[in-house]
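This report concerns only the one structure given below.
Protein chains: 2
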Amino acid sequence: MTSPLRLGIAGLGTVGSGVVRIVQTHADLLAARAGRPVTISAVSARTRDKDRGVPLDAYEWEDDAVALARRDDVDVLVELMGGSDGPAKAATEAALAAGKDVVTANKALLAIHGQALAEAAEAQGRVIRFEAAVAGGIPVIKALTEGLAGNAMTRVMGVMNGTCNYILTRMENAGLTYAEAFAEADGLGYLEADPELDVGGIDAGHKLALLAAIAFGTQVDFGAVELEGIGAITIDDIVQAADMGYKIKLLGVAQMTGRGLEQRMSPCLVPDTSPLGQLQGGTNMVVLEGDAVGQIVLRGAGAGSGPTASAVMGDVIDLARGVRMPTFGQPATSLRKARAARAAVPAPYYLRMQLVDKPGALAKVARVLGEAGISIDRMRQYGHQDTSAPVLIVTHKTTRGALDEALAAFAATGVVEGAPVAIRIEAV
Amino acid sequence: MTSPLRLGIAGLGTVGSGVVRIVQTHADLLAARAGRPVTISAVSARTRDKDRGVPLDAYEWEDDAVALARRDDVDVLVELMGGSDGPAKAATEAALAAGKDVVTANKALLAIHGQALAEAAEAQGRVIRFEAAVAGGIPVIKALTEGLAGNAMTRVMGVMNGTCNYILTRMENAGLTYAEAFAEADGLGYLEADPELDVGGIDAGHKLALLAAIAFGTQVDFGAVELEGIGAITIDDIVQAADMGYKIKLLGVAQMTGRGLEQRMSPCLVPDTSPLGQLQGGTNMVVLEGDAVGQIVLRGAGAGSGPTASAVMGDVIDLARGVRMPTFGQPATSLRKARAARAAVPAPYYLRMQLVDKPGALAKVARVLGEAGISIDRMRQYGHQDTSAPVLIVTHKTTRGALDEALAAFAATGVVEGAPVAIRIEAV
Numbered sequence: 005m006t007s008p009l010r011l012g013i014a015g016l017g018t019v020g021s022g023v024v025r026i027v028q029t030h031a032d033l034l035a036a037r038a039g040r041p042v043t044i045s046a047v048s049a050r051t052r053d054k055d056r057g058v059p060l061d062a063y064e065w066e067d068d069a070v071a072l073a074r075r076d077d078v079d080v081l082v083e084l085m086g087g088s089d090g091p092a093k094a095a096t097e098a099a100l101a102a103g104k105d106v107v108t109a110n111k112a113l114l115a116i117h118g119q120a121l122a123e124a125a126e127a128q129g130r131v132i133r134f135e136a137a138v139a140g141g142i143p144v145i146k147a148l149t150e151g152l153a154g155n156a157m158t159r160v161m162g163v164m165n166g167t168c169n170y171i172l173t174r175m176e177n178a179g180l181t182y183a184e185a186f187a188e189a190d191g192l193g194y195l196e197a198d199p200e201l202d203v204g205g206i207d208a209g210h211k212l213a214l215l216a217a218i219a220f221g222t223q224v225d226f227g228a229v230e231l232e233g234i235g236a237i238t239i240d241d242i243v244q245a246a247d248m249g250y251k252i253k254l255l256g257v258a259q260m261t262g263r264g265l266e267q268r269m270s271p272c273l274v275p276d277t278s279p280l281g282q283l284q285g286g287t288n289m290v291v292l293e294g295d296a297v298g299q300i301v302l303r304g305a306g307a308g309s310g311p312t313a314s315a316v317m318g319d320v321i322d323l324a325r326g327v328r329m330p331t332f333g334q335p336a337t338s339l340r341k342a343r344a345a346r347a348a349v350p351a352p353y354y355l356r357m358q359l360v361d362k363p364g365a366l367a368k369v370a371r372v373l374g375e376a377g378i379s380i381d382r383m384r385q386y387g388h389q390d391t392s393a394p395v396l397i398v399t400h401k402t403t404r405g406a407l408d409e410a411l412a413a414f415a416a417t418g419v420v421e422g423a424p425v426a427i428r429i430e431a432v
Numbered sequence: 005m006t007s008p009l010r011l012g013i014a015g016l017g018t019v020g021s022g023v024v025r026i027v028q029t030h031a032d033l034l035a036a037r038a039g040r041p042v043t044i045s046a047v048s049a050r051t052r053d054k055d056r057g058v059p060l061d062a063y064e065w066e067d068d069a070v071a072l073a074r075r076d077d078v079d080v081l082v083e084l085m086g087g088s089d090g091p092a093k094a095a096t097e098a099a100l101a102a103g104k105d106v107v108t109a110n111k112a113l114l115a116i117h118g119q120a121l122a123e124a125a126e127a128q129g130r131v132i133r134f135e136a137a138v139a140g141g142i143p144v145i146k147a148l149t150e151g152l153a154g155n156a157m158t159r160v161m162g163v164m165n166g167t168c169n170y171i172l173t174r175m176e177n178a179g180l181t182y183a184e185a186f187a188e189a190d191g192l193g194y195l196e197a198d199p200e201l202d203v204g205g206i207d208a209g210h211k212l213a214l215l216a217a218i219a220f221g222t223q224v225d226f227g228a229v230e231l232e233g234i235g236a237i238t239i240d241d242i243v244q245a246a247d248m249g250y251k252i253k254l255l256g257v258a259q260m261t262g263r264g265l266e267q268r269m270s271p272c273l274v275p276d277t278s279p280l281g282q283l284q285g286g287t288n289m290v291v292l293e294g295d296a297v298g299q300i301v302l303r304g305a306g307a308g309s310g311p312t313a314s315a316v317m318g319d320v321i322d323l324a325r326g327v328r329m330p331t332f333g334q335p336a337t338s339l340r341k342a343r344a345a346r347a348a349v350p351a352p353y354y355l356r357m358q359l360v361d362k363p364g365a366l367a368k369v370a371r372v373l374g375e376a377g378i379s380i381d382r383m384r385q386y387g388h389q390d391t392s393a394p395v396l397i398v399t400h401k402t403t404r405g406a407l408d409e410a411l412a413a414f415a416a417t418g419v420v421e422g423a424p425v426a427i428r429i430e431a432v
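As given, the protein sequences belong to chains B and D, one line each in that order.
Numbers in our numbering are just positions in the first sequence, counted from 1, shifted up by 4.
Numbers in our numbering are just positions in the second sequence, counted from 1, shifted up by 4.
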């Protein structure tokens, strides 16, 4: 048996204690698979005196994650603190500078500083692995970086925020309003301290940016992700979508187009018979499409102690086995800067608007669409509520540009109350 | 750029020509991801003069796969001939003996000779990779061997023969008889030369044995797989199952029990709302369950030129990158010989039998079940057809042993015509 791989674990929340538990309970299994023991030298967290459900006495304690990262008895920094800056970034940089590899579950850190950190790692001959940062326990980074490496990827998609999918599923199945479902998720502790990270699509957008960089060989560019949260979705939209055979999901889509890289994280309608449409509750799903393989669908728990720790340990065992992959699947200096293409790929859209009760109102709406070059696939007008009536329109394929033109023009018609809702229908 | 990784491709059928196509069309992509070029030195097949849709003039030709495997300008033998013995085995052994790595899509070869070949590879310091042997384009070997390596696996399951799933789906959706659906699949060229490899569960059983070896750290043991094909499934079973909320799938299940390793490939009822239940047509699905990660579901094309070549290339790029994994995820000499446990895990069963029209007939059937310790969850008797009536029974959880006892005892009652059908209901 060769020398052990020695971990320093920074962050002892639900994921950190899950990692400690696996190292403690599966020592023999890990050694058999890795070909050498995996051990923990030292740990670090904000508070020392706290019962984390696992014994920690055998490990050295560091108050400071940077000091942990620099310890001579640590081969790999396991960074589980979170946050795009602050201690997580400082400890990661310190570990790389000290010649240690890094395993992290930190999507924000890599979505924002991924290119610089990958370059720093490679300059030191070290690696950063981040399976746990995307879709929890699903080994999607490995599938994309390694398993599907023979493919030119054509599209990657995913439902990668379990909290949003929980809220949408509860609205769908229990008829809750958005506010009620949000409050329920909050009560269950599903929401981040800043809920906008979840419901605003930011957390899922970080994950999409990481997948896109690997899939298309481009520098990670979270700033180019078009973000739209789920806050404007109403129970009416969900009911209407269901009636037409669709579900509403917060769906991330990244696609290389003739005009550049399109990255979107937004509510989309997907067919209710598709794997994405059938996804319930907090589960995650990632869809990878390549020119040779066609469509691969991966499904599993997107969060939680065990699943996330499983992903961390997959990376740790890779390092113990000597598997050393560049952060984004190819040398960081070879990643291209992608031009950002906003909504380049046309799609049909679902529109819902409130039409005032005036003669010729519907004709005005139809004319606006016609002038924007948008043709109508299906339309429904419902009975009037007081002085206005809901109108639902499904368009044929159109560009987002043409649609935005029409949405702006509706205001000037004087017959549309408030802002219309527009949801893309994604072919999945 | 370092030296190229040079392939020798043995077998130029649909998969072989798919691999050649990827190497030719994605040279830059492969070099960027692998860190070095991937090239083809030589190829081999039964017939030289045949249009395979890809130019082969640039490669040396060998009539003999063993000679190909021994060439000095070949680093990796890509074995795509198939067959558990004969040229495939000879070429694989020759390649390992000559110090070359092997990438293969050959499930039969590894299911039967996997342990000996893995030991031979390790004795030479070489590796055998076989992602393409299981579930086509789905990177399931990688997910299990590497991504989930931090888990004690609890169960692996899969629908891994697209032809069988196609036949069952056609019976279900188009109301075809088994014979009609079989003839249709045959006409479409979906069946192996020996159809029993498909419909008898042998091909899928090979794949299950490979997954079980990795999941449980045991020597691959195809002989211990309990095999039951789909030939006895009738349209009645499919209709009755659907009526109770189930689909019938040819499902492989491997599970470590207190009594040993259980490996089954047999028709099972699964809930129609589960991912396995929703799987239509030729698509494959593998379900991996681990103690930390919970349940991971992988779905994709299980066959075809592009998907299978994608899997082959994933292995090739691993080798080009220097990733060298033991065949079954840990050194072959450390794999345990598992005791085979026949049907150790209890389950509910679906029973269908033809009951003769005699007073007390149903009571006799119920008594047989009771005497075997099997309790009845649901029962339906239908109207008599001539002198007998179909009876359907869903039991509570029972062992296969108790069930076999009851099945044997039915004959002696004199009220059951022919052999009853018994299909396990798997909790998925």
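Ideal placement from N, C-alpha and C gives every residue a C-beta, glycine not left out.
Check                                                                                                                              : Outcome
Three-pair Cβ contact test at 8 angstroms for the segment 11-19 of chain D versus the segment 79-87 of chain D                     : yes
Neighbourhood of Ser392(B) by C-beta distance below 8 angstroms, restricted to the same chain and skipping five residues each side : Gln358, Leu359, Val360, Asp361 and Glu421
Cβ neighbour criterion (16 or more within 10 Å) applied to Asn169(B)                                                               : buried
Bridge partner(s) assigned by DSSP for Leu354(D)                                                                                   : First, the amino acid is wrong: residue 354(D) is Tyr here, not Leu. In DSSP, Tyr354(D) forms a bridge with Val398(D) and Ile427(D).
Rounded separation between Arg268(D) and Gly264(B) - CA only                                                                       : 49 angstroms
Met85(B) - DSSP class collapsed to helix/strand/coil                                                                               : coil
Contacting residues, own chain, Cβ-Cβ under 7 angstroms from Arg325(B) (five flanking each side not counted)                       : Ala38 and Gly39
Straight-line gap, Thr490(B) to Met85(B) (C-alpha atoms, nearest Å)                                                                : With chain B represented from 5 up to 432, any question about residue 490(B) goes unanswered, as that position is not in the structure.
Where the beta strand (DSSP E) containing Gly130(B) begins and where it ends                                                       : The sequence shown places Arg at residue 130(B), not Gly. No beta strand (DSSP E) contains Arg130(B), which DSSP labels as neither H nor E.
Closer than 7 angstroms at the beta carbon, the chain B residues around Met164(D)                                                  : Ordered by position in chain B, no residue passes the 7 angstroms Cβ test against Met164(D), which lies about 15 angstroms from the chain.
Backbone secondary structure at Glu232(D) - three-state DSSP                                                                       : coil
9 angstroms Cβ cutoff met for Gly281(D) and Val274(D)                                                                              : yes
Among Ser278(B), Thr337(B), Thr287(B) and Gly286(B), the one whose alpha carbon lies nearest that of Leu283(D)                     : Ser278(B)
Secondary structure, beta strand (DSSP E): runs of 3+ residues fully inside the segment 264-323 of chain B                         : 264-275, 287-294 and 298-305
Integer-rounded CB distance, given that Ile427(B) should sit under 8 angstroms from Tyr354(B)                                      : 5 angstroms
Closest Cα partner of Gly57(D) within the set Ile132(D), Leu16(D), Ile252(D) and Glu232(D)                                         : Leu16(D)
Per-residue contacts from Ser7(D) into chain B (C-beta, under 7 angstroms)                                                         : Residues of chain B passing the Cβ test: none, with the nearest at roughly 17 angstroms.
Member of Met260(D), Gln385(D), Tyr386(D) and Arg159(D) whose CA lies at the smallest distance from the CA of Val301(D)            : Arg159(D)
Delimiting residues of the alpha helix (DSSP H) encompassing Leu407(B)                                                             : Arg404 to Thr417
In DSSP terms, what Gln389(B) is bridged to                                                                                        : Ser392(B)
Of the residues Arg303(D), Thr173(D), Leu396(D) and Arg371(D), the one placed nearest Val144(D), counting alpha carbons only       : Arg303(D)
Beta carbon proximity, Glu409(B) to chain D, threshold 9 angstroms                                                                 : no
Where Glu196(B) sits in the DSSP three-state scheme                                                                                : coil
Chain D contacts from the segment 272-301 of chain B (Cβ-Cβ distance under 7 angstroms)                                            : Pro279, Gln282, Gly294, Ala296, Val297, Gly298, Gln299, Ile300 and Val301
Contact list for Ser45(B) against chain D, beta-carbon separation under 7 angstroms                                                : Residues of chain D passing the Cβ test: none, with the nearest at roughly 18 angstroms.
Candidates Leu254(D), Thr312(D) and Glu123(D): closest to Val131(D) by CA position                                                 : Glu123(D)
Whole-number beta carbon distance between Ile234(B) and Ile171(B), since they are thought to touch under 8 angstroms               : 7 angstroms
Exposure label - Thr287(D); buried when at least 16 CB within 10 Å                                                                 : buried
Burial state of Tyr386(D) (16 or more Cβ within 10 Å)                                                                              : exposed
Members of the segment 385-398 of chain B that neighbour chain D once the beta carbon cut-off is set at 9 angstroms                : none
Residue burial classification, Gln389(B) (beta-carbon count within 10 angstroms, cutoff 16)                                        : exposed
Collapsed DSSP secondary structure at Ala367(D) in the structure displayed                                                         : helix
Continuous beta strand (DSSP E) assignments of at least 3 residues falling wholly in the segment 46-73 of chain B                  : 64-66
Listed by chain order, chain B residues near Ser270(D) by CB distance under 7 angstroms                                            : Ordered by position in chain B, no residue passes the 7 angstroms Cβ test against Ser270(D), which lies about 24 angstroms from the chain.
Bounding residues of the alpha helix (DSSP H) (the contiguous stretch that carries Ala189(B))                                      : Tyr182 to Gly191
Partners in chain E for Val327(B), counting only beta-carbon separations shorter than 7 angstroms                                  : Annotation note: the requested chain E is absent from the structure, which comprises protein chains B and D.
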